[in-house]
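A.B. asks: Numbering-wise, our numbering comes out as the position in the sequence shown, counting from 1, plus 120.
For each residue, glycine too, the CB sits at the ideal point set by N, CA and C.
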Amino acid sequence: MPFMAPPAETERAGLRGFLTQQLDGLRHTAFGLTEEQIRLAPTRSTLSIGGLLKHVALTVDAWSARAEAAPEAFHDPRLDAMAEGDDFLLGADETLASLLAAHDAAAARVLAVADSADLDAVAPTRPAPWFPEGFTGWTVRWILLHVIEEVARHAGHADIIREQIDGATGHPLIAAAEGLGDLGYVRPWTPPA
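1) Are the beta-carbon atoms belonging to Asp286 and Pro312 less than 8 Å from one another?
2) Span of the beta strand (DSSP E) holding Trp258?
3) For Thr259 versus Ala241, is the C-beta distance shorter than 8 Å?
4) Three or more C-beta pairs under 8 Å: does that hold for the stretch 176-188 against the stretch 149-163?
5) For chain D, is any of its Cβ atoms less than 8 Å away from the one on Gln157?
6) Can you check the stretch 178-235 for any alpha helix (DSSP H) of at least 4 residues that lies completely inside it and give the ranges in chain order?
7) According to DSSP, what are the bridge partners of Ala243?
8) Taking 6 Å as the limit between beta carbons, can you name the residues of its chain near Gly257, skipping five residues before and five after?
9) If we call anything under 8 Å between Cβ atoms a contact, is Val271 one with Leu146?
10) Please look up how many angstroms separate the CB atoms of Gly211 and Trp309, rounded, as I've assumed it's under 8 Å.
11) If we call anything under 8 Å between Cβ atoms a contact, is Leu219 one with Gly299?
12) Between the C-alpha atoms of Leu293 and Arg198, what's the straight-line distance to the nearest angstrom?
13) Cβ of Ile281 within 8 Å of Cβ of Leu139?
14) Skipping 5 residues on each side, what residues in its chain have a beta carbon closer than 7 Å to that of Ala297?
15) Going by the C-beta, is Arg246 closer than 7 Å to any heavy atom of the ligand MN?
16) Note the first and the last residue of the continuous alpha helix (DSSP H) segment covering Gly290.
17) Quick one: using the 10 Å Cβ neighbour count with 16 as the cut-off for buried, is Leu303 buried or exposed?
18) Do Leu239 and Arg273 have their beta-carbon atoms positioned less than 8 Å apart in this structure?
19) Is the CB-CB distance between Leu172 and His277 below 8 Å?
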């Protein structure tokens, strides 16, 4: 999806467009990277593109499961690992291909939620330190908006990390990943010589 979310005539089309744009943007930050490069943490934090892909896939999948279960309560035990921050750490067996497969599966799941779930259904939630006190649930609409915000935040992190790794930036990466060719105002990224 080139550069901007498409115009949307309906709420669902808007949700789908922005979800797709942000999920693709994060995915494209890994375009052309090696297995070693997805593990690099070239900034002051310990974040890597691989770690961000892992975290976002888990987060998007868990929120999608919660939305699918609404109005029934749902708890994903994988969220307990998130509280510890382990979901940003890559295991020795995790590869770029496996991370992208998990990302793509989570993306497909959340897009299906955006296409068909009852946006007004409330998904009950258990108390968590990061939820407002006394809070009991989110609407599916709020969940999808939150997923957009969550993915956008981490896509921004990934943009900075990628630029630190090899100088690649967002629009040239999108052009390269989507095979857009030279658009005049942006040229596709090419690997450093």
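C.D. replies: This is what the structure holds:
1) Locating residue 286 in the sequence shown gives position 166, counting from the first residue. Locating residue 312 in the sequence shown gives position 192, counting from the first residue. Taking 8 Å as the Cβ cut-off, Asp286 and Pro312 qualify as a contacting pair.
2) Here residue 258 refers to the residue found at position 138 of the sequence shown. Gly257 to Thr259 is the span of the beta strand (DSSP E), which, as asked, contains Trp258.
3) Translated into the one-based positions of the sequence shown, residue 259 becomes position 139. Translated into the one-based positions of the sequence shown, residue 241 becomes position 121. It is a contact, given that the beta carbons lie within the stated cut-off.
4) no
5) In the structure shown, chain D does not exist; there is a single protein chain.
6) 198-204
7) For the purposes of this step, residue 243 is taken as the residue at position 123 of the sequence shown. In the DSSP output, where bridge partners are listed per residue, Ala243 has Trp258.
8) Sequence index remark: in the sequence shown, residue 257 carries index 137 (1-based). Counting only Cβ-Cβ distances below 6 Å, and skipping sequence neighbours, we find Val242, Ala243, Pro244 and Thr245.
9) Your numbering for residue 271 matches position 151 in the sequence shown. Your numbering for residue 146 matches position 26 in the sequence shown. It is a contact, given that the beta carbons lie within the stated cut-off.
10) Position 91 of the sequence shown, counted from the start, is the residue given in the question as residue 211. Position 189 of the sequence shown, counted from the start, is the residue given in the question as residue 309. That pair is no contact at about 28 Å.
11) Here residue 219 corresponds to residue number 99 of the sequence shown, with the count starting at 1. Here residue 299 corresponds to residue number 179 of the sequence shown, with the count starting at 1. Cβ atoms of Leu219 and Gly299: not closer than 8 Å.
12) Reading the sequence shown from its first residue, position 173 is the one you call residue 293. Reading the sequence shown from its first residue, position 78 is the one you call residue 198. Spanning the two alpha carbons is a distance of roughly 31 Å.
13) Residue 281 sits at position 161 when you count from the first residue of the sequence shown. Residue 139 sits at position 19 when you count from the first residue of the sequence shown. The answer is no: Cβ separation not under 8 Å.
14) Here residue 297 refers to the residue found at position 177 of the sequence shown. Counting only Cβ-Cβ distances below 7 Å, and skipping sequence neighbours, we find His148 and Phe151.
15) With respect to small molecules bound, the structure shown includes none, and the ligand MN cannot be examined in it.
16) If you number the sequence shown from 1, residue 290 lands on position 170. Unbroken alpha helix (DSSP H) run through Gly290: Gly290 to Ala297.
17) Here residue 303 corresponds to residue number 183 of the sequence shown, with the count starting at 1. Exposed: under 16 other Cβ atoms inside 10 Å.
18) In the sequence shown, residue 273 corresponds to position 153, counting from 1. In the sequence shown, residue 239 corresponds to position 119, counting from 1. No.
19) Position 52 of the sequence shown, counted from the first residue, corresponds to residue 172. Position 157 of the sequence shown, counted from the first residue, corresponds to residue 277. Yes, Cβ-Cβ distance for Leu172 and His277 is below 8 Å.
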